[in-house]
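Chemist:
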Amino acid sequence: MKKLFCGPQASSAAASTKVNADEAPALNGAMASSSASATPRGSLRKSLARMSSAVSVSSNMITNPNFEETVNRAILGVVVLNMTYTRPYEGGQRGSGGATGFVVDKKRGIILTNRHVVTGAPMRAFATFQSKEEVELEPIYSDPIHDFGFFRFDPSKVQYQELIEIPLAPERAKVGTDIRVCGNDNGEKLAILSGTLARLDRNAPRYGGPYSDHNTFYLSAASNTSGGSSGSPVLDRDGYAVGLNAGGAFFAASSFYLPLERVVRSFEYIKRGELPPRRTVQTIMVHKSFVEVERLGLPDTEQATFRKKFPKSSGLLTVDEVIPESQAESLGIKPGDILVKMNGKRIWDFVSFEDMIDSSDSVTLSMRRGVEDIEFTLDTESLHDMMPTQLLELSNGAVHTLSYMQAVSSHRPVGGVVINTPGYMFNRSGIPGNIVLKAVGDQPTPDIQSFALAMSKLNDLDKVSLTFTGVMDKHRKQVKPFTVDRRWFPWVRRERVFENGQWEWQERPWLFDGDDSEEAEAVAAAKKADSDKTRKVQILDDEDPRLCAVSFESPIPIMEIEANSFIGCGVIIDASEGLVVCDRNTVPSTLGNVSVTIGGTVELPAQVLLVHPMHNLALIKYDASKVEVDLGESEAAQMGLGLDAPAPSPIELKSGMKTRFVGFSGQLQQVAQKATVTVVKHMQSGTASMDAMGDFLMMFGSGASSSGAKNQIVIELDNNMDNIGGVLLDDDGLVQAFWFDFWGWKTGVPASIIYDAVNRFREGEPLRTLAAELGTLHLSKAASAMGLSDEWVAEFSASSKNRHVLSVSTVLIGSNSEKVLQPGDIILAIDDKPMIDYRAVEQATADKDEVKVTVLRDLAEEVLTVPTTVLPYSGTDRVILWAGAIMQQAPLDLAFRGFLPEGSEGKGVLCSGLYGGSPAHQYHLRSHVFINAINESETPDLDAFAEVVSGLPDGEFVRVHTTTLEGIQDVSTVKLDDLYWELRQLRYDEDSNDWEYV
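Take the UniProt record's numbering: the final residue in the sequence shown is number 998, and no numbers are missing along the way.
1) Contact between the stretch 792-812 and the stretch 773-780: three or more CB pairs below 8 angstroms?
2) Could you tell me how far apart the beta carbons of E90 and S410 are, in whole angstroms, since I believe they sit closer than 8 angstroms?
3) Apart from the five residues just before and just after K833, which ones in its own chain have a Cβ nearer than 7 angstroms to its Cβ?
4) Assign R45 to buried or exposed, taking buried as 16 or more other Cβ atoms, counted over all protein chains shown, within 10 Å of its Cβ.
5) Tell me whether E136 sits in a helix, a strand or coil according to DSSP, three-state version.
6) Is the number of C-beta pairs between the stretch 340-347 and the stretch 380-392 that are closer than 8 angstroms three or more?
7) Is P88 helix, strand or coil by DSSP?
8) What are the start and end residues of the beta strand (DSSP E) that includes N203?
9) V264: which of R987, A794, Q282, L244 sits nearest, CA to CA?
10) On the criterion of 16 or more Cβ atoms from any shown chain inside 10 Å, does M367 qualify as buried, or is it exposed?
11) Kindly list the residues whose CB is nearer than 6 angstroms to the CB of K189, restricted to its own chain and excluding five residues on each side of it in sequence; keep chain order.
12) Should Q538 be labelled buried (16 or more other beta-carbon atoms within 10 Å of its own) or exposed?
13) Between the alpha carbons of F153 and I110, how many angstroms are there, rounded?
14) DSSP three-state call for K308: helix, strand or coil?
15) Go ahead and pull the three-state DSSP assignment for G592.
16) Would I419 be called buried (16 or more neighbouring beta carbons within 10 Å of its own) or exposed?
17) Going by beta carbon distance, what residues of the same chain come within less than 7 angstroms of G433, once the five residues before and after it are set aside?
18) Tell me the DSSP secondary structure of D385 in three-state form.
19) Excluding sequence positions up to five away, which residues of its chain have a Cβ less than 7 angstroms from the Cβ of A439?
20) V277: which of C582, L859, I145 sits nearest, CA to CA?
21) At which residues does the beta strand (DSSP E) containing F102 begin and terminate?
22) Mark L235 as exposed unless 16 or more other C-beta atoms lie within 10 angstroms of its C-beta, in which case mark it buried.
23) Figure out for me which residue from L461, K463, D462, Q478 has the closest Cα to the Cα of T469.
24) Keeping to the same chain, check which residues put their C-beta closer than 6 angstroms to that of D978; ignore five residues upstream and five downstream.
25) Using the three-state DSSP reduction, which class does G708 fall into: helix, strand or coil?
26) Please name the residue in R984, N203, Y211, Q130 whose C-alpha comes closest to that of G92.
27) Would you report the Cα separation of K781 and L828, rounded to the nearest angstrom?
28) So the beta strand (DSSP E) R369 belongs to, where does it begin and stop?
29) Does the Cβ of D730 have 16 or more other Cβ atoms within 10 Å, making it buried, or fewer, making it exposed?
30) Count the other CB atoms, across all protein chains shown, that sit within 10 Å of the CB of D732; report buried if there are 16 or more and exposed otherwise.
31) Counting only runs of 3+ residues fully inside the stretch 742-767, write out the beta strand (DSSP E) ranges in chain order.
32) Using DSSP bridges, identify the partner residues of A221.
33) Can you tell which of F945, S927, V497, P823 has its C-alpha closest to the C-alpha of R878?
34) What residue range does the alpha helix (DSSP H) around A407 cover?
35) Quick test of your reading: S254 and S229, contact by CB under 8 angstroms. State the CB separation rounded to the nearest angstrom.
36) Alpha carbon to alpha carbon, what distance is there between A675 and E938?
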């Protein structure tokens, strides 16, 4: 079977998928410009639309043989559609895109377009008329099977053009009819394509994705429609719509249109405010020519009878697929069965077939199988009952019932529970989307209620297994553990309101009948007792007990966090307190879930205490009472080493010295190797492994330091070991250096620096700094070009073998140093003590409110009084989610780059990311820009921003004034949507070391 692309929410604006000329038709789509997530591209282009209906001939349409006059009149009823899908649904993802529709009832304000445009998803949509007036739409109907649907708008909102309704006339579709397709082809707002109807009876295209139309004929012509033309009217010379644009072939001009008979029927119900009856016997039919059905066993006499009774017939309907576990399957209907009669009447077309099913509680199918005549009586079932109407949002993921269309595309029974998008909770455990759930722990989940009840009994951070199969991979069962998240995102249950197509919500989605609170309390008590147990860890002979694996998962993508999850090596420095140090590449922020794994057998949750703003260092804490380590006869026990490393080695590493590396491989196995120190050096500003930093450089520019480390002394070895981190040890097993990951560049950091930073934090000492990023300059260049005196050359030559001086690269915006120090200053001394290395500067400023800094500037020495600046230990401590945009204070790494706008006083409001399908995404607000003002109210910091946006009314447009990192100013407009994107704020509490919503 040749395939078509299916893309209700494709990734390119008004994208269309095309196929080779010899392949089956493709969708022309309303395939949205979903920047959030792209639907896979397949072989055919597709234009899907929600149901359309029969419209009587409009009195203001004209009958004219001149296509120019007809088109000029008709285009007043054609609209450009812009849709935003706010939640994943039925295999689609969040995103936005464009398509076409046309008015079929100007009095009621009803627009016809494709099913994959309307979808059944939570969405927002707008229509733009030829007068460039924009109206808001309500999705009032989408057909369960066929590629059509309806929007509704308020006709009174269109004031600057005459409203035209285009009549639907399926009976006017004839072979040889000249047509015009008017629509938003390829995102061009209006394109008029010509063609001639060539076929009226081709089978529905097979798209090869989650959606394929069936049980209907399609029309075809060589009009070469493409993406964005989804939902375009196919007009004849008199201005009647004879079809609905739906798909086409890649690398060929062939296009495919949905016939309008069933659209007309449904429209009559829609005009009366009724839901069109749609029923099924869960059997997919295809039309086969008389030649083919003759080969399947149809007698010549039957063919003659059909040809005489139905002169236009060219074949009969045959069974192509039977849905598993359906009544049709249980009765024995099989692919290849030829439909001869239905309820005693001969039929050969899909319209008659569906009309009998939709209007009956049961039908009798008389069929031919080979040489045998057989008969089946089946109950019909409501297709509307097989569409998901409840949506569970769990930790930013989406769960609903497996729909009829998903069952068809995957050849599964209707029903079951689908994780459409995994969200944070499931994704962090490696559980994908587009899966069918079988059980949560030992609780089967045959339906959405049982799944909700099973999840209701789980607390935050509980660990449980999930049994599932892929929607398209039903034969391979998988079981994976996951950790429950109730911390970062609310659990919400939404239910569709059919009157306006929106999805209302309530928290606590497990509020279904049948929840046993006493049972839930007993389960919770048992889990608590189990979690309070102390776990035992046995250390093997060659293992270092101080090493542990540290994992970090981020729920919200702020600027400091460049991926969803990280794993690295931690070192236990205080076992009694459960303190572990690791690099900032592993734990980049306090905003996330952290866990430590000790001995490879016990995993414990942890809290982030410190994310050092200057060093590549994070400090985390686990509950030490939950683990007991047995050193046994291990090497650590024989050396007298404990579970922790409370102090550094007294032997500092220098070039040429021998050391021993112990760490973790990429598979989290402990590895050890002897090595020699090649150099101990000062890491230069912005030069550390630039290639490995990737997107970080795209955001911050080429002057950024890796992992946010500044003024860092590092150690390099002669061996390039395959590892994710570890320690360098002396002969007594004491730590000489920590082997950290600087975003792809691994190197050692002297242990004395790390221990000093941790101890100052534990003692409650503020982090006082010069608030400047430093670099080094060779003495010869400083003397020859910068005016360094012979006395200072002699001083530095005698004090250090490095033969360099320190120079200011950047100064932190908003710091006390900003108006005193300048880039290019050479730091000669602080409080009259020569500054020979980064460590000396750090120690000279650590305990003082201000220092006297001797600098060389413009060939002259100056003595400057510089107040020190206290930097925070926690990094970003507040996040505001507004209109689907993620707002934070500018991180220090950005402030060190000099990118803050004027008036921000070293803070600024930074949009660090956007959620797909949100107003911010729909209206093209950019990420990585500063928010200067909302509706002319200045927002220099998060307090001002929160005050301004908290009073904005829902549904209103607001003006957002922005400045890019390059200083380019712009203004965007965003329409607020509190139903799907309410204002939320997260704050970090230093007392509890935890985040909470406020």
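Backbone N, C-alpha and C fix where the C-beta goes; we use that ideal spot for every residue, glycine too. Computed from a prediction, not measured in an experiment: that's the story for all the values here.
Modeler: For this structure:
1) yes
2) At roughly 12 angstroms, the Cβ-Cβ gap does not stay under 8 angstroms, so E90 and S410 are not in contact.
3) In chain order, A844 place their CB closer than 7 angstroms to the CB of K833, counting only its own chain and leaving out the 5 sequence neighbours on each side.
4) Because R45 carries a pLDDT of 37, less than 50, the predicted location of this residue cannot be relied on, and the following value inherits that uncertainty. R45 comes out buried.
5) strand
6) Between the stretch 340-347 and the stretch 380-392 there are fewer than three C-beta pairs closer than 8 angstroms, too few to call the two in contact.
7) Coil, per DSSP.
8) 199-203
9) L244
10) buried
11) So the qualifying residues of the chain are V80.
12) exposed
13) 6 angstroms
14) In the structure shown, K308 sits in a helix (DSSP, three-state: H, G or I).
15) The answer is coil: DSSP assigns G592 none of H, G, I, E or B.
16) buried
17) I419, N420, T421, P422
18) Three-state DSSP puts D385 in a helix.
19) T445, T467
20) It should be noted that the sequence gives Pro, not Val, for residue 277. Closest option to P277, judged by alpha-carbon separation, among C582, L859, I145: I145.
21) 95-105
22) Only buried fits L235, as 16 or more other CB atoms lie within 10 angstroms of its CB.
23) The candidate whose alpha carbon is nearest that of T469 is Q478.
24) D954
25) When DSSP states are grouped into helix, strand and coil, G708 belongs to the helix group.
26) Y211
27) Going by C-alpha positions, K781 is about 15 angstroms away from L828.
28) R369 -> beta strand (DSSP E) spans 362-369.
29) buried
30) Looking at its Cβ environment, which holds fewer than 16 other Cβ atoms inside 10 Å, D732 is exposed.
31) 745-750
32) S255
33) F945
34) 404-410
35) Contact between S254 and S229 is ruled out by a C-beta separation of about 14 angstroms, above the 8 angstroms threshold.
36) 56 angstroms
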